[in-house]
Amino acid sequence: MAVKTIAVLGAGTMGHGIAHAAVASGYDTVLYDLAQAQVEKGQRAIEAVVRKGVELGKVSQADADAMLGRLRLSTVVADAVAAADVVIEAAPESLDLKLALFREVETHAPAHAVLASNTSALSITEMAVVLANPGRMGGMHFFNPVHRMKLIEVVKALDTSPETIAIMEEVSRRMGKETVLVRESPGFVTSRINAMIGNEAFYMLQEGVASARDIDKALKLGLNHPMGPFELVDLVGLDTRLSILQYLHRTLGDKFRPCPLLEQHVRDGRLGRKVGKGVYDY
């Protein structure tokens, strides 16, 4: 199947990043969210990345104009997915929300469309059970910021067909990404390891082993991590990290029990860069 149109469901940080990758790769792209203000915010974020590319000489003005011309906004699921060859869901990490969304998508998307979730930890198999054809469903786990990060975890759920895997890998390659194929498991590869590192960093901070800045500095300079664990959790959101840890704790056991200090930060509204304060103040 030749993929021409991609629908991205969710215009938040990951959603608009995925939509940018799609238009930059030549796909006609529909960016959906419930509220007009949210999709317009996503559109502005995409425009900012495209403008930066022009300023840096990485993208010509003609190519930038063509990219933005391939983007369409929608606040109606039926409209967003009606002509989609691939639907990539980038909604918040709530299984109930994703299940409801995929039920609606299946009603309105073409029968040939591949459905993919950008979830960083939840079960693709559990999402696929609401579909008449679970073989059309798989995972495409992108990383933040999408326009810089080169990896996509392609996730094979219990019933994901070889054809679905092939299409997800082809779309990933056209977006300029490298892929790893992961058999579904809680947290896949990266979220599982990242959650463990980030949670241990919070335990070390709680115990007074070192300051947040020194823990970040130690991992960057001593282990060659591009970001420290606290810089990273502030970027992805402490609430998102806590939700992932809670899921991993339920599915994989006590080694993923969330650190009480992380829970305290979330209760206090210190959710990271998106609210101006997390482990650090912004």
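Numbers in our numbering are just positions in the sequence shown, counted from 1, shifted up by 7.
A virtual CB, placed ideally from N, CA and C, is assigned to each residue, including glycine.
Bear in mind the structure is a predicted one, so any value in this text is a computation, not a measurement.
8 Å Cβ cutoff met for residue i and residue j
i: Val161; j: Met144; result: no
i: Ala91; j: Gly17; result: no
i: Ala128; j: Leu255; result: yes
i: Val93; j: Val137; result: no
i: Lys142; j: Asp103; result: The question names Lys, yet the displayed sequence has Gly at residue 142. Their beta carbons are not under 8 Å apart, which means Gly142 does not touch Asp103 by this criterion.
i: Lys126; j: Gly146; result: It should be pointed out that residue 126 corresponds to Thr in this sequence rather than to Lys. Yes, the pair counts as a contact, with Cβ atoms nearer than the cut-off.
i: Ala71; j: Gly64; result: no
i: Gly283; j: Leu239; result: no
i: Val153; j: Ile25; result: yes
Whole-angstrom distance between residue j and residue i, CA atom to CA atom
i: Val196; j: Val189; result: 7 Å
i: Ile13; j: Thr36; result: 5 Å
i: His272; j: Leu278; result: 7 Å
i: Ser192; j: Pro265; result: 19 Å
i: Asp221; j: Leu268; result: 17 Å
i: Gly229; j: Asp223; result: 10 Å
i: Phe338; j: Val46; result: Absent from the model: residue 338. The displayed extent of the chain is 8 to 289, so no value can be given.
i: Ala44; j: Ala219; result: 35 Å
i: Phe209; j: His119; result: 45 Å
i: Phe237; j: Val84; result: 36 Å
i: Gln50; j: Leu75; result: 9 Å
i: Leu108; j: Asp86; result: 13 Å
i: Met21; j: Ala217; result: 32 Å
i: Gln213; j: Glu62; result: 43 Å
i: Arg248; j: Ala173; result: 30 Å
i: Val66; j: Arg257; result: 45 Å
i: Arg181; j: Gln68; result: 21 Å
i: Ile200; j: Val15; result: 27 Å
i: Ala28; j: Val187; result: 18 Å
i: Arg110; j: Asp40; result: 16 Å
i: Arg274; j: His148; result: 27 Å
i: Gly215; j: Tyr287; result: 16 Å
i: Glu54; j: Val88; result: 22 Å
i: Thr171; j: Arg77; result: 24 Å
i: Gly276; j: Gly19; result: 19 Å
i: Glu207; j: Glu177; result: 36 Å
Contact set for residue i: own chain, Cβ-Cβ below 6 Å, skip 5 residues either direction
i: Leu158; result: Phe150, Glu185
i: Ala52; result: His23
i: Ser168; result: Gly142
i: Ser179; result: Ile159, Thr186
Proximity winner among the options, relative to residue i (alpha-carbon distances)
i: Ala123; options: Pro117, Met134, Arg264; result: Met134
i: Asp246; options: Arg257, Thr258, Gly285, Glu214; result: Gly285
i: Ala202; options: Ser218, Gly183, Ile172, Gly235; result: Gly235
i: Ala73; options: Val15, Met156, Val30; result: Val30
i: Gln253; options: Glu238, Lys11, Ser101; result: Ser101
i: Val10; options: Leu63, Ile95, Arg155; result: Ile95
i: Gly183; options: Ser32, Leu212, Phe237, Asp86; result: Ser32
i: Gly260; options: Arg274, Ala69, Lys281, Gly194; result: Gly194
i: Pro290; options: Gly276, Val243, Glu270; result: Limits of the chain in this structure are 8 at one end and 289 at the other, which puts residue 290 out of reach.
i: Pro117; options: Val178, Met8, Gly19; result: Met8
i: Arg155; options: Glu207, Val15, Val57; result: Val57
i: Ser198; options: Thr171, Ser250, Glu170; result: Ser250
i: Ser81; options: Arg110, Lys48, Glu270, Gly276; result: Lys48
Check: residue i C-beta below 7 Å from any heavy atom of the ligand GTP
i: Arg199; result: Absent from the structure shown: the ligand GTP. Ligands present: none.
Same chain only: Cβ atoms within 8 Å of residue i, ignoring 5 sequence neighbours per side
i: Arg79; result: Asp35, Thr36, Val37, Leu38
i: His232; result: Leu226
i: Ala139; result: Glu113
i: Ala42; result: Thr82
Cutoff 8 Å: residue i Cβ touching any chain B Cβ
i: Arg220; result: Of the protein chains in this structure there is only one, and it is not chain B.
Neighbourhood of residue i by C-beta, 7 Å cutoff - its chain only, sequence neighbours within 5 removed
i: Leu106; result: Met134, Val137
i: Ile131; result: Ser124, Met144, Gly145, Gly146, Val162, Ala164, Glu191
i: Arg280; result: Asp241, Leu242, Tyr289
i: Met211; result: Ala217, Ile222
i: Glu270; result: Leu249
Legend entry - Complete runs of the alpha helix (DSSP H) confined to the segment 97-161 [at least 4 residues]: 102-115, 131-135
Legend entry - Those runs of the alpha helix (DSSP H) which lie wholly inside the segment 21-98 and span at least 4 residues: 43-62, 68-76, 84-88
Inset, instruction - Scan the segment 192-239 and note each continuous beta strand (DSSP E) run of 3 residues or more that stays entirely inside, going in chain order. - result: Counting whole runs of 3 or more residues, the segment 192-239 contains no beta strand (DSSP E) stretch at all.
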